Each structure stands twice: as structure tokens, then as C-alpha cells.
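Here is the structure we will look at, set down as C-alpha cells.
Numbering (the UniProt record's numbering), first residue to last: 1 to 95.
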């Protein structure tokens, strides 16, 4: 299960990263090229929820593992860069 802050951060980061890619690669083209704005409404809302959960997971991991402000800031920056959360998952400790 997701019993540690790092494991939770990995899981939520993966979900948030996938939702971001779906928003950018599927929902936005549907809105602008196929005139289906509902795609962005639905996927954007879900991504917003996952984004907030990701921020809380970063805060939890940073607090529990005594991350520096810079390390926490880099983790948060990863969430606004496409594929950034996947890169962050590779850099997190395995334990």
C-alpha cells in the first residue's frame, strides 16, 4: 500500500502527471480542434484535484523527511512541467 510519505508522493505524482499529459495532449486538442470544451472541463477538474493532492503530498514528504526549501520548491516546479513528476519519481529515494 502507500504507507510512507514518499510512496504516497510517488503514486499521487504519477496520477497527477498522467492527468496533466491527458489534459495537454487529449482534452485541449478536443476543445480547440473538435469543439468539445467539456473534455477540458472534466479533465481539468480532475487534474486540479490531483494537483492539490500532489502539493499536499510534497508538503507531507518535505515535513517528514526534513527537505530543504529548495528541494521542496524543485518538487513543486516538477508538477508544472510536462513529464516533470515522472522525473521526480526517478529522483526520489527507493526506501
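A virtual CB, placed ideally from N, CA and C, is assigned to each residue, including glycine.
None of these values were measured; they are calculated from a predicted model.
CB-CB under 8 Å to residue i, same chain, minus the five flanking residues each way: which ones, in chain order?
| i | result |
| --- | --- |
| residue 44 | 23, 27 |
| residue 40 | 23, 27, 28, 30, 31 |
| residue 16 | 47, 50, 51, 53, 54, 79, 85 |
If you drop the 5 nearest sequence neighbours on each side, which residues of the same chain put their C-beta closer than 7 Å to that of residue i?
| i | result |
| --- | --- |
| residue 82 | 20, 21, 24 |
| residue 64 | 5 |
| residue 92 | 6, 9, 10 |
| residue 88 | 13, 75, 78 |
Using the rule of at least 16 other Cβ atoms within 10 Å of the residue's Cβ for burial, across every protein chain shown, is residue i buried or exposed?
| i | result |
| --- | --- |
| residue 57 | buried |
| residue 34 | exposed |
| residue 85 | buried |
| residue 48 | exposed |
Could you give the distance in angstroms between the alpha-carbon of residue i and the alpha-carbon of residue j?
| i | j | result |
| --- | --- | --- |
| residue 62 | residue 74 | 11 Å |
| residue 70 | residue 77 | 10 Å |
| residue 72 | residue 37 | 34 Å |
| residue 8 | residue 68 | 19 Å |
| residue 50 | residue 14 | 10 Å |
| residue 90 | residue 42 | 29 Å |
| residue 18 | residue 66 | 27 Å |
In terms of alpha-carbon separation, which member of the options lies closest to residue i?
| i | options | result |
| --- | --- | --- |
| residue 3 | 60, 66, 18 | 60 |
ask   = Taking the runs of the alpha helix (DSSP H) that are 4 residues or longer, which of them lie wholly in the UniProt domain "DUF3817" (6 to 92)?
value = Within the UniProt domain "DUF3817" (6 to 92), the complete alpha helix (DSSP H) segments at least 4 residues long are 28 to 33, 38 to 65, 69 to 78, 84 to 91, listed from N- to C-terminus.
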